[in-house]
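Novice: Attaching a single structure in structure tokens format; questions to follow.
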Amino acid sequence: MRIARSALSVTAVAALSLGTATALAAPASAAPNTTPGKVCGSGYKTVNSAAVGSRGTVYLTYNATNGKNCVATIRNTPGTATDMSAWIYVPDTQAYDEDYGSYTSYAGPTYVYGKAHCVDWGGSIGNVSVQITGSNCAALAEHRVTTVR
142 MRIARSALSV
152 TAVAALSLGT
162 ATALAAPASA
172 APNTTPGKVC
182 GSGYKTVNSA
192 AVGSRGTVYL
202 TYNATNGKNC
212 VATIRNTPGT
222 ATDMSAWIYV
232 PDTQAYDEDY
242 GSYTSYAGPT
252 YVYGKAHCVD
262 WGGSIGNVSV
272 QITGSNCAAL
282 AEHRVTTVR
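And the structure:
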């Protein structure tokens with residue numbers, strides 16, 4: 142009986158160690174096949190996007206139920222952590238949100254209440270940044286700028 146308990150204990154410890162190693166090996170932002178909907182949450186639909194050079198895409202999403210916009214910057218290929226950002230600004234209300242850090246897959250989500258307002262938004266991956274101003278304003282034309290530092 143003592144041998145059976147020892148074998149069971151060793152198996153349990155090994156399983157816990159493997160589970161812990163697996164959980165630590167893939168942080169949430171490294172999830173493959175990440176989408177703007179997964180980053181921003183249920184009810185958010187993509188309404189605009191802009192390429193961040195060849196590195197990824199920054200997405201503007203909108204939730205018609207709560208009137209909020211969300212921005213997420215998603216890399217084409219997750220990998221080593223690199224500086225990334227996602228931001229959104231409503232000039233009419235001066236509402237602003239940003240996320241900046243060193244991430245393996247995506248930056249964001251960032252949220253503002255944007256119903257019936259023009260929004261400025263953008264993001265960066267490494268040394269490439271994108272800024273969109275006057276976006277989603279019906280008849281007004283938006284302005285896009287891509288910068289490589």
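Per our numbering, the very first residue in the sequence shown carries number 142; after that it's consecutive. Glycine included, C-beta positions come from ideal geometry on N, C-alpha and C.
CA-CA distance, Thr-202 and Ser-265?
Specialist: Start at 1 with the first residue of the sequence shown, and residue 202 comes out as number 61. Start at 1 with the first residue of the sequence shown, and residue 265 comes out as number 124. Straight-line Cα distance between these residues: approximately 17 Å.
Novice: Is Gly-178 helix, strand or coil by DSSP?
Specialist: Locating residue 178 in the sequence shown gives position 37, counting from the first residue. The answer is helix: DSSP assigns Gly-178 an H, G or I state.
Novice: Could you say which of Asn-268, Val-269, Val-231 lies nearest to Tyr-252 if we only look at CA atoms?
Specialist: In the sequence shown, residue 252 corresponds to position 111, counting from 1. For Tyr-252, the nearest C-alpha among the options comes from Val-231.
Novice: Count the other CB atoms within 10 Å of the CB of Asp-240; is the residue buried (16 or more) or exposed (fewer)?
Specialist: Residue numbering aside, residue 240 sits at position 99 when the sequence shown is read from its first letter. That one is buried.
Novice: Report the partner residues of Thr-288 according to the DSSP bridge assignment.
Specialist: Counting from one through the sequence shown, the residue named residue 288 turns up at place 147. Answer is Ser-270.
Novice: By how many angstroms is the C-alpha of Ser-243 removed from the C-alpha of Tyr-200?
Specialist: Position 59 of the sequence shown, counted from the first residue, corresponds to residue 200. Position 102 of the sequence shown, counted from the first residue, corresponds to residue 243. Straight-line Cα distance between these residues: approximately 18 Å.
Novice: Have a look at Asn-217 and Asp-233 and give me their C-alpha separation to the nearest angstrom.
Specialist: Against the sequence shown, residue 217 aligns to sequence position 76. Against the sequence shown, residue 233 aligns to sequence position 92. One C-alpha to the other measures close to 33 Å.
Novice: Assuming Tyr-254 contacts Lys-209 (C-beta within less than 8 Å), just tell me the rounded distance between them.
Specialist: Against the sequence shown, residue 254 aligns to sequence position 113. Against the sequence shown, residue 209 aligns to sequence position 68. Right, the Cβ-Cβ distance comes to about 6 Å (below 8 Å), so this counts as a contact.
Novice: What would DSSP say about Lys-256, mapped onto helix, strand or coil?
Specialist: Mapped onto the sequence shown, residue 256 falls at position 115. DSSP places Lys-256 in coil when its eight states are reduced to three.
Novice: Please report how far the alpha carbon of His-284 lies from the alpha carbon of Gln-272, in whole angstroms.
Specialist: Walking along the sequence shown from the start, residue 284 turns up at place 143. Walking along the sequence shown from the start, residue 272 turns up at place 131. Straight-line Cα distance between these residues: approximately 8 Å.
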